[in-house]
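Chemist: Take a look at the following structure, please.
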Amino acid sequence: MISQVAQTKEAISEKRVQILQLDEEFLEKVLSDLQNIRSQIAELEEQEVAAQDRLKRIDIRAPQSGYVHQLNVHTVGGVIAPGDTLMLVVPEDSDLVIESRVQPVDVDQLQVGQDAYVRLAAFDQRTTPELGAAVLNVSPDLTRDEVTGEPFYLARLKILESEMPKLNGQTLVPGMPVEGFIQTGERTVLSYFIKPMQDQIAHALKEK
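Using this note's numbering, the final residue of the sequence shown is 208, and nothing's skipped along the way.
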């Protein structure tokens with residue numbers, strides 16, 4: 001009887017050991033499966049990020065609405081290299097800025113806020129007057145013309161808001177040719193009488 005009790009206890013102990021071993025094996029398997037699942041999730045997340053990036057690049061969107069200027073790609077299905085410029089977009093609601101070339105010998109006479117005036121070459125000069133403007137900034141270094149190689153400074157002008165009614169409803173469009181003149185000295189009283197006649201003669205010669 002005593003021997004049977006001892007055998008039973010030994011069998012119970014063995015079963016407990018087996019249960020512990022099974023628990024450890026099960027836990028190891030669960031941890032292994034969990035690690036594999038985590039690796040698969042990380043891989044799928046990377047694939048999702050890559051897919052979202054490709055999806056975003058299917059449609060090209062500008063950060064704000066505007067006018068397309070200087071479109072460089074005209075083919076359907078063409079390959080675009082990284083860093084290539086597709087087009088320039090002029091914001092619809094932004095202030096139009098006039099870019100004017102300044103001779104290097106004259107740049108020392110320019111300063112921000114200086115008075116200027118512009119002529120809109122696209123409009124009828126007989127009905128569209130000169131518009132007052134101001135110098136916004138001047139480029140800090142020389143720029144060279146890509147064709148002629150001639151050096152110049154780039155001055156940016158802005159038409160004064162008080163001058164806009166003189167357009168009589170005509171619309172300014174990006175890329176429109178404009179003649180900009182920056183006043184670097186005082187105009188004499190005589191020049192106010194002579195200048196209109198000079199302008200008429202100059203434009204008459206151009207028309208011929």
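Beta carbons: idealized from backbone N, C-alpha and C, even for Gly.
Select from Ala11, Ala155 and Asp108 the residue whose C-alpha is nearest the C-alpha of Arg101.
Modeler: The shortest Cα separation from Arg101 among Ala11, Ala155 and Asp108 belongs to Ala155.
Chemist: Reducing DSSP to helix, strand and coil, say where Ala54 ends up.
Modeler: First, the residue type needs correcting, since residue 54 is Arg and not Ala in the sequence shown. Arg54: helix per DSSP, three-state reduction.
Chemist: Is it the case that the region 61–79 contacts the region 126–143, given that we only count it when at least three CB pairs across the two stretches are under 8 Å?
Modeler: No contact exists between the region 126–143 and the region 61–79.
Chemist: If you draw a straight line from the C-alpha of Gln170 to the C-alpha of Glu161, how long is it?
Modeler: The alpha-carbon atoms of Gln170 and Glu161 are separated by roughly 14 Å.
Chemist: How many angstroms separate the CA atom of Val90 from the CA atom of His69?
Modeler: Straight-line Cα distance between these residues: approximately 7 Å.
Chemist: Where does Tyr67 land, buried or exposed, given buried means 16+ other C-beta within 10 angstroms?
Modeler: Classification of Tyr67: exposed, given that the 10 Å Cβ count is below 16.
Chemist: Tell me where the beta strand (DSSP E) around His69 begins and ends.
Modeler: Where His69 is concerned, the enclosing beta strand (DSSP E) stretches over Gly66 to His69.
Chemist: What do you get for Gly149, buried or exposed, if any count of 16 or more other CB atoms within 10 angstroms of its CB means buried?
Modeler: Answer is exposed; the Cβ neighbour count stays below 16.
Chemist: I need the straight-line Cα distance from Val178 to Arg61, nearest angstrom please.
Modeler: Going by the C-alpha atoms only, they are around 30 Å apart.
Chemist: How about Pro104 and Leu142: do their beta carbons lie closer than 8 Å?
Modeler: Cβ atoms of Pro104 and Leu142: closer than 8 Å.
Chemist: Which residues does DSSP pair with Glu179 in a beta bridge?
Modeler: Note: Glu179 sits in a beta bridge opposite Arg119.
Chemist: Only counting the same chain, and skipping five residues up and downstream in sequence, which positions put a Cβ closer than 8 Å to that of Val112?
Modeler: For Val112, where only same-chain residues beyond five positions count, the Cβ hits under 8 Å are Val135, Leu136, Asn137 and Val138.
Chemist: According to DSSP, is Ile98 helix, strand or coil?
Modeler: Ile98: strand per DSSP, three-state reduction.
Chemist: With H, G and I counted as helix, E and B as strand and the rest as coil, what does DSSP make of Asn168?
Modeler: Coil.
Chemist: If you follow the beta strand (DSSP E) that Ile159 is part of, which residue opens it and which one closes it?
Modeler: Looking at the DSSP string, the run of the beta strand (DSSP E) that includes Ile159 is Pro151 to Ile159.
Chemist: Starting from Leu131, trace the beta strand (DSSP E) in both directions and tell me its first and last residue.
Modeler: Leu131 to Val138 is the extent of the beta strand (DSSP E) around Leu131.
Chemist: Given this structure, state the Cα-to-Cα distance separating Ile12 from Ser39, to the nearest angstrom.
Modeler: Each residue's alpha carbon lies about 40 Å from the other.
Chemist: Could you work out which residue in Asp84, Glu163, Pro63 and Gln64 is closest to Leu71 when comparing CA atoms only?
Modeler: When each option's Cα is compared against that of Leu71, the closest is Asp84.
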